[in-house]
Amino acid sequence: TNWAQGGIAATIDSSDSADLHLSDTLIAGAGLCDREMVKLMVTEGPGHISRLMELGVNFTTSEGDSLHLGKEGGHSRNRIVHAKDLTGREVETALLEKVENHPNITLLEHHFAIELLTEHHLGIKTNDITCYGAYVLDSLQRQPKKILARITMLASGGLGHVYPYTTNPDIATGDGVAMGYRAGAEIANMEFIQFHPTSLYHPKAKSFLISEAVRGFGGVLRLKNGKEFMHKYDSRENLAPRDIVARAIDSEIKKSGEECVFLDVTHIDPDKTIEHFPNIHETCLGFGIDMTREMIPVVPAAHYSCGGIRVDSRGRTTLNRLYACGETSCTGVHGANRLASNSLLEALVFAWRSCMEIRDRLPSLSNSVDFPDWDDTGTVSPEEWILVSHNKREAQQVMNDYVGIVRSDLRLQRAKRRMDFLKEETEAYYKKTKITTQVLELRNLIKVSSIIIESAIKRRESRGLHFTTDYPEPDDKHFLQDTVLRSF
Numbered sequence: 033t034n035w036a037q038g039g040i041a042a043t044i045d046s047s048d049s050a051d052l053h054l055s056d057t058l059i060a061g062a063g064l065c066d067r068e069m070v071k072l073m074v075t076e077g078p079g080h081i082s083r084l085m086e087l088g089v090n091f092t093t094s095e096g097d098s099l100h101l102g103k104e105g106g107h108s109r110n111r112i113v114h115a116k117d118l119t120g121r122e123v124e125t126a127l128l129e130k131v132e133n134h135p136n137i138t139l140l141e142h143h144f145a146i147e148l149l150t151e152h153h154l155g156i157k158t159n160d161i162t163c164y165g166a167y168v169l170d171s172l173q174r175q176p177k178k179i180l181a182r183i184t185m186l187a188s189g190g191l192g193h194v195y196p197y198t199t200n201p202d203i204a205t206g207d208g209v210a211m212g213y214r215a216g217a218e219i220a221n222m223e224f225i226q227f228h229p230t231s232l233y234h235p236k237a238k239s240f241l242i243s244e245a246v247r248g249f250g251g252v253l254r255l256k257n258g259k260e261f262m263h264k265y266d267s268r269e270n271l272a273p274r275d276i277v278a279r280a281i282d283s284e285i286k287k288s289g290e291e292c293v294f295l296d297v298t299h300i301d302p303d304k305t306i307e308h309f310p311n312i313h314e315t316c317l318g319f320g321i322d323m324t325r326e327m328i329p330v331v332p333a334a335h336y337s338c339g340g341i342r343v344d345s346r347g348r349t350t351l352n353r354l355y356a357c358g359e360t361s362c363t364g365v366h367g368a369n370r371l372a373s374n375s376l377l378e379a380l381v382f383a384w385r386s387c388m389e390i391r392d393r394l395p396s397l398s399n400s401v402d403f404p405d406w407d408d409t410g411t412v413s414p415e416e417w418i419l420v421s422h423n424k425r426e427a428q429q430v431m432n433d434y435v436g437i438v439r440s441d442l443r444l445q446r447a448k449r450r451m452d453f454l455k456e457e458t459e460a461y462y463k464k465t466k467i468t469t470q471v472l473e474l475r476n477l478i479k480v481s482s483i484i485i486e487s488a489i490k491r492r493e494s495r496g497l498h499f500t501t502d503y504p505e506p507d508d509k510h511f512l513q514d515t516v517l518r519s520f
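In the numbering used here, the protein residues as written are 33 to 520.
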């Protein structure tokens, strides 16, 4: 959330409507959106904007104190509510203040969830699995502990660090999806990884996103020689959806042999650019780039997972008492490609719906089942960290080389063989070594990578964010459906 720059899509303006937002979302989703879930999201979204403002979120306004509405790729209307170019940070700051001052909420910082507690840990085999809490690691005390819970919610964010270039923070290693999968929850549509078309290309800036709102503001993509190229790929040119823009940039980079393309806003009034994008402007200056005078070097980077733990309209997973929301979940609203600024909207709408459901359920639930403490008998402290750091780099490189924007059967099978080896090696290390956050993140990163690869192999067509040279066209007859995986 903290890293989200663009904003929250919501039908605020009188010239806009929920039906138009619905249509734009369905078009971007390439046939795989759950229409009813999208309808819930776009209908209930505006009310959550009002609720955030009541909680102290300061959105950017126009003259007359009306909300300033930006426009991004794939949207037919200006509907992006934002706080300059720091929307996520503004939302998180306001909500965190409320959480920290709430008498009924206890924050356990420096704790890392290891595994969900289910019947599996009691030696019971069942298809009707219930979650009773989690084993967690107190990383300061280096002590595992168990936390029993009547309801558990997974909201651990994304998985961008499966790839070496990502717009995500360092903690985005797919931990929630990996835990859910190991516990037996259904996972859906993990082949659909969104690569943001424009992350800053700089050796020291592997995780800085240049918001899509910059293109919505009039930014133009160009080659090193200054030539535009988006007209060759889509009639919407620089405002085409992210999957089209990312593939276009990837194609141009491969054809030219250059390492990046450029985003140009030098034709726009510098004062307006700085006013709308103060954080991007300041960050670029820190890397020696004045975006008001020179073009910004950009490359695609892993940005968002449209898949995740499968949930219903109340955030319920396929495991009893286990919920998921945000990027960890798969509600079906994004289909094969997420429309810009629908991610924070999805998180708001379905997290709220989940919480209302949980509030009503809690009084009738008890936790009569007990679980053994975490047993690390026979494990030893790690003597060296080279395996962890090496396997992480290798896994990321495998994903970048073979499971990126353009895929093929050969690349995916090669990725599977290499990831299977890394998974086997990492699991052996995990079982004999005292756990640390680094080991846990590596284990989860490799598990999620394997899930992405398996999902991509199953989808023998091209749709949305999944493009394979062996099946370059959509195949509605066989693949107009979710890809669903479950560990057992």
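Ideal Cβ positions, reconstructed from N, Cα and C, are used throughout, including at glycine. Since this is a predicted model, take the numbers as computed values, not measurements.
| Looking at C-beta atoms only, is the number of pairs between the stretch 474-494 and the stretch 502-518 that lie closer than 8 Å three or more? | yes
| message | For the pair the stretch 47-63 and the stretch 365-381, tell me if three or more CB-CB distances fall below 8 Å. | response | yes
| task | Quick one: measure Cβ to Cβ for R353 and I183, integer angstroms, because I've assumed they're closer than 8 Å. | result | Stepping through the sequence shown from its first residue, residue 353 is reached at position 321. Stepping through the sequence shown from its first residue, residue 183 is reached at position 151. Contact holds; Cβ gap of about 5 Å.
| Run through DSSP, which three-state label would N352 get? | Locating residue 352 in the sequence shown gives position 320, where the first residue counts as 1. In the structure shown, N352 sits in a strand (DSSP, three-state: E or B).
| said: One question on the structure: do T360 and G258 come within less than 8 Å of each other, judged by their Cβ atoms? | reply: As a position in the sequence shown, residue 360 is number 328, starting the count at 1. As a position in the sequence shown, residue 258 is number 226, starting the count at 1. Cβ atoms of T360 and G258: not closer than 8 Å.
| When the Cβ atoms of the stretch 330-339 are set against those of the stretch 226-240, are three or more pairs found closer than 8 Å? | The answer is yes - the stretch 226-240 touches the stretch 330-339, with three or more Cβ pairs under 8 Å.
| Measuring CB to CB, does I146 end up less than 8 Å from Y167? | Residue 146 sits at position 114 when you count from the first residue of the sequence shown. Residue 167 sits at position 135 when you count from the first residue of the sequence shown. Yes, Cβ-Cβ distance for I146 and Y167 is below 8 Å.
| request: Check the C-beta distance from T43 over to A50 and give it rounded, since I have them as a contact under 8 Å. | output: By one-based count along the sequence shown, residue 43 stands at place 11. By one-based count along the sequence shown, residue 50 stands at place 18. Contact holds; Cβ gap of about 5 Å.
| Contact under 8 Å by Cβ, G38 with A245 | Position 6 of the sequence shown, counted from the start, is the residue given in the question as residue 38. Position 213 of the sequence shown, counted from the start, is the residue given in the question as residue 245. Yes, these two residues count as a Cβ contact at 8 Å.
| query | For G529 versus A126, is the C-beta distance shorter than 8 Å? | reply | A query on residue 529 cannot be resolved here, the shown segment of the chain reaching from 33 to 520 and no further.
| task | Would you mind working out which of I437, R492 and L380 sits nearest L79, comparing C-alpha positions? | result | Along the sequence shown, one-based indexing puts residue 79 at 47. Note on residue identity: the sequence assigns Gly, not Leu, to residue 79. Nearest option by C-alpha distance: L380.
| request: Closer than 6 Å by C-beta to G189: which residues in its own chain qualify, once you throw out the five before and the five after it? Chain order, please. | output: Here the question's residue 189 lines up with position 157 in the sequence shown. A204 and E359.
| field | Residue span of the beta strand (DSSP E) that contains H335, given as start and end | value | For this step, residue 335 is matched to residue 303 along the sequence shown. I328 to S337 is the extent of the beta strand (DSSP E) around H335.
| query | What residue does the beta strand (DSSP E) around Y167 start on, and which one ends it? | reply | For the purposes of this step, residue 167 is taken as residue 135 along the sequence shown, with counting starting at 1. G165 to D170 is the span of the beta strand (DSSP E), which, as asked, contains Y167.
| request: Give me whichever residues DSSP pairs with K177 in a beta bridge. | output: Your numbering for residue 177 matches position 145 in the sequence shown. According to DSSP, which records beta bridges pairwise, K177 is partnered with V168.
| message | In this structure, how does DSSP classify Q226 when only helix, strand and coil are distinguished? | response | One-based indexing of the sequence shown puts residue 226 at position 194. In the structure shown, Q226 sits in a strand (DSSP, three-state: E or B).
| request: List the whole-angstrom C-beta distance separating G250 from V293, where the pair is believed to meet the contact cut-off of C-beta under 8 Å. | output: Here residue 250 refers to the residue found at position 218 of the sequence shown. Here residue 293 refers to the residue found at position 261 of the sequence shown. Actually they are not in contact, since the Cβ atoms of G250 and V293 sit about 17 Å apart, beyond 8 Å.
| request: Give the range of the beta strand (DSSP E) segment to which R254 is assigned. | output: Walking along the sequence shown from the start, residue 254 turns up at place 222. Counting along the chain, R254 sits inside the beta strand (DSSP E) bounded by residues V252 to R254.
| message | Could you give the first and the last residue of the continuous alpha helix (DSSP H) run that contains M211? | response | For the purposes of this step, residue 211 is taken as residue 179 along the sequence shown, with counting starting at 1. Unbroken alpha helix (DSSP H) run through M211: D207 to A215.
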